[in-house]
Structure formats: structure tokens, C-alpha cells
Amino acid sequence: MIAFGEDDKEFGSERLAVMVETNVTGVAERSLLKMEILKAGMAIDVSIAKVYLAPPRFLIKSSAGKPSRQANKDRVDQLDKVPVEHNS
Numbered sequence: 019m020i021a022f023g024e025d026d027k028e029f030g031s032e033r034l035a036v037m038v039e040t041n042v043t044g045v046a047e048r049s050l051l052k053m054e055i056l057k058a059g060m061a062i063d064v065s066i067a068k069v070y071l072a073p074p075r076f077l078i079k080s081s082a083g084k085p086s087r088q089a090n091k092d093r094v095d096q097l098d099k100v101p102v103e104h105n106s
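Under this note's numbering, residues 19 to 106 are what the sequence shown spells out, in order.
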């Protein structure tokens, strides 16, 4: 998982987004997972504006194993191309 800020042009600030790797592919299960992530944030008073679900091994990590915020933020548009099962 990685968290990063996304520009909010309406308010002139940034909103918190998180990207999480998962092997969940069903539409209903993905929706439930997103809700659980949002609830976890609310439980610690963190307002998450957007949850991105990525396939396993999608996140870019440095040679030290740390996720790269900017590199992963730049890959958000690629998530639209990740297949999702509609029959679950």
C-alpha cells in the first residue's frame, strides 16, 4: 500500500489517495474492499478521498524495497486497463 496526495483543483489543495495491491477481481468484492479501507481511515480520523486497487506486484519499489510515491502516482491511469470480473 502507498498513500499520496492528489491535486484538488476545486479547493486548491491536495486530497489523500491510497493505492493497494490486491488479487481481488470481482466487482462486489473490490467495492467491499474499498469500503473497508475507507472505514479503516475513518477509524483513525484520516479522510481518504480515493482508493485505487492494483494487481499484485503493480507497485513500483526502490532497490531498498520502499514504495515510490511519485512513480506509483504517475501510474494511476494504467489501473483503468486492469481487468475486473463482472460476474462475481
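We put the CB at the ideal spot given by N, CA and C, even for glycine.
Closest to residue i by CA distance: which of the options is it?
i	options	result
R93	F29, A67, D26, V38	V38
L50	A61, L71, L34, I62	L71
S65	E28, K27, E32, M19	E32
Q96	R87, P73, I62, P85	P73
F76	R87, K68, A67	R87
K91	L34, T40, G59	L34
Name the DSSP bridge partner or partners of residue i?
i	result
V94	Paired residues: none, contrary to the question.
V69	V36
K57	Paired residues: none, contrary to the question.
* Three or more beta-carbon pairs under 8 Å between the stretch 41-61 and the stretch 78-93, yes or no? -> no
* Ignoring anything shorter than 3 residues or poking outside the stretch 25-51, list the beta strand (DSSP E) runs there in chain order. => 31-39
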